[in-house]
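Peer 1: Residue 20 in this note's numbering is what sits at position 17 of the sequence shown, and the numbering runs on without skipping anything.
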Amino acid sequence: MNIVLDNDVQIFLKKSQDLLYKNEAQNSLIVGLASNILRGTLVPKLAPLFLRIEDAGRTVAVAMQTPPMNLLLSEARDEDLNEFAIYLNNVGAKFPGVVGPSLVAEKFADLWQDLTGKTYSFGMGQKIYKLEKVLMPAIHGELRATIASDRDLLGEWLFGFANESLPLIERKPLEDWIAHAERSIANGTSYMFLIDGDPVSTVSATRPTENGISINGVYTPKHLRKNGNASQAVALLSQRMLDEGRKFCVLYTDLANPTSNKIYQKIGYQEVADSKFFIFN
Numbered sequence: 004m005n006i007v008l009d010n011d012v013q014i015f016l017k018k019s020q021d022l023l024y025k026n027e028a029q030n031s032l033i034v035g036l037a038s039n040i041l042r043g044t045l046v047p048k049l050a051p052l053f054l055r056i057e058d059a060g061r062t063v064a065v066a067m068q069t070p071p072m073n074l075l076l077s078e079a080r081d082e083d084l085n086e087f088a089i090y091l092n093n094v095g096a097k098f099p100g101v102v103g104p105s106l107v108a109e110k111f112a113d114l115w116q117d118l119t120g121k122t123y124s125f126g127m128g129q130k131i132y133k134l135e136k137v138l139m140p141a142i143h144g145e146l147r148a149t150i151a152s153d154r155d156l157l158g159e160w161l162f163g164f165a166n167e168s169l170p171l172i173e174r175k176p177l178e179d180w181i182a183h184a185e186r187s188i189a190n191g192t193s194y195m196f197l198i199d200g201d202p203v204s205t206v207s208a209t210r211p212t213e214n215g216i217s218i219n220g221v222y223t224p225k226h227l228r229k230n231g232n233a234s235q236a237v238a239l240l241s242q243r244m245l246d247e248g249r250k251f252c253v254l255y256t257d258l259a260n261p262t263s264n265k266i267y268q269k270i271g272y273q274e275v276a277d278s279k280f281f282i283f284n
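1. Can you tell me whether residue 42 is buried or exposed, with buried defined as 16 or more other CB within 10 angstroms of its CB?
2. To which residues of the same chain is residue 109 closer than 8 Å at the C-beta, ignoring the five residues directly before and after it?
3. Measuring only between beta-carbons, confirm whether residue 105 sits less than 9 Å from chain C.
4. Does the count of Cβ pairs from the segment 9–21 and the segment 118–136 closer than 8 Å reach three?
5. In terms of residues, what are the limits of the beta strand (DSSP E) holding residue 255?
6. Secondary structure at residue 270, three-state DSSP: helix, strand or coil?
7. Would you identify the three-state DSSP class for residue 279, choosing helix, strand or coil?
8. Let me make sure I understand the geometry here. Which of 117, 195, 228 and 129 has the alpha-carbon closest to that of residue 102?
9. Taking 8 Å as the threshold, find out whether the segment 27–38 comes into contact with the segment 205–219 through three or more Cβ pairs.
10. For residue 205, report the span of its beta strand (DSSP E) as first-last.
11. Would you identify the three-state DSSP class for residue 62, choosing helix, strand or coil?
12. Which of helix, strand or coil does DSSP assign to residue 41?
13. Mapping DSSP to helix, strand and coil, what is residue 173?
14. On a Cα-Cα basis, can you pick out the residue from 176, 234, 189 and 76 that is closest to residue 204?
15. Check the C-beta distance from residue 104 over to residue 86 and give it rounded, since I have them as a contact under 8 Å.
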């Protein structure tokens, strides 16, 4: 067993494909981000970190980071996590938290705490869902790609989404979200759900993998909720992605929000795995 640092994202994806594509939906965060880097739609400010554990020439675990973001982990054995922790500590890697399959993320947080003295706290528990067929609800509006004039509104809604849904460490100033909105519009990844021509909800399709794509950034302002807007938006975008050739869509939900978990299951999303996010203090 040995640890390998890949300096090329294409090599990382090629050497990891058997592991990552065995559970493509579960690993969609790692695969999708690495694929975006390969395509050039994601340009990290600092050099990304691509680590693999090889056992008898076969990749059995991976870790990835786009500094200064969180460390991302695939399924891994305890001994793999120990190797990752030792290597990352030796090279002075810095990351605010770790995200991965529930037991894996928790085990790594324990190891990192023992190794570095950095304590950790629970950031968020998420459920990963996969959809292959949409159970279409009654539709009372229409979906359209965002346009330049949506920039400020989309930025404000993403800012609201982050402040309501993400741990404090993950939140950013409004101007950062407006810049994010501008990139989303340019990349064609974000959409507005309209009722009588007025935007009432937003949703995005990002991080494409070989067979799937992630649906995220789902937000409805408080005064427009409880009308099924988010369900309709997600259902329509999911169907559009399937119609364009995707075999499935992936969606992460906050386990602490039973409403979102329920509505997405109603339109065809099925549980795949649990993921946890731990923050290092």
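Cβ coordinates follow ideal geometry from the N, Cα and C atoms, glycine included. Bear in mind that the values here come from a model prediction, so they are computed numbers and not experimental data.
Peer 2: Judging by the given coordinates:
1. As a working note, residue 42 is residue 39 in the sequence shown. With fewer than 16 other Cβ atoms within 10 Å, it is exposed.
2. Taking the sequence shown and counting its residues from 1, one reaches residue 109 at position 106. Same-chain partners within the cutoff: 279 and 281.
3. Looking at the structure shown, chain C is missing, and only one protein chain is on hand.
4. no
5. Position 252 of the sequence shown, counted from the start, is the residue given in the question as residue 255. That run of the beta strand (DSSP E) goes 251–257.
6. Working through the sequence shown from its first residue, we reach residue 270 at position 267. Reduced to three states, the DSSP call for residue 270 is coil.
7. Residue 279 sits at position 276 when you count from the first residue of the sequence shown. Three-state result, residue 279: strand.
8. On the sequence shown, residue 102 is found 99 positions in, with the first residue counted as 1. Considering only alpha carbons, the answer is 129.
9. yes
10. By 1-based counting over the sequence shown, the position of residue 205 is 202. Counting along the chain, the beta strand (DSSP E) containing residue 205 begins and ends at 201–209.
11. For the purposes of this step, residue 62 is taken as residue 59 along the sequence shown, with counting starting at 1. In this structure, residue 62 counts as strand in the three-state DSSP scheme.
12. In the sequence shown, counting from the first residue as 1, residue 41 sits at position 38. If DSSP states are grouped into helix, strand and coil, residue 41 belongs with the helices.
13. Here residue 173 refers to the residue found at position 170 of the sequence shown. Helix.
14. On the sequence shown, residue 204 is found 201 positions in, with the first residue counted as 1. For residue 204, the nearest C-alpha among the options comes from 234.
15. Here residue 104 is taken as the residue at index 101 of the sequence shown, counted from 1. Here residue 86 is taken as the residue at index 83 of the sequence shown, counted from 1. Between residue 86 and residue 104 the Cβ distance is about 17 Å, and since that is not below 8 Å, they are no contact.
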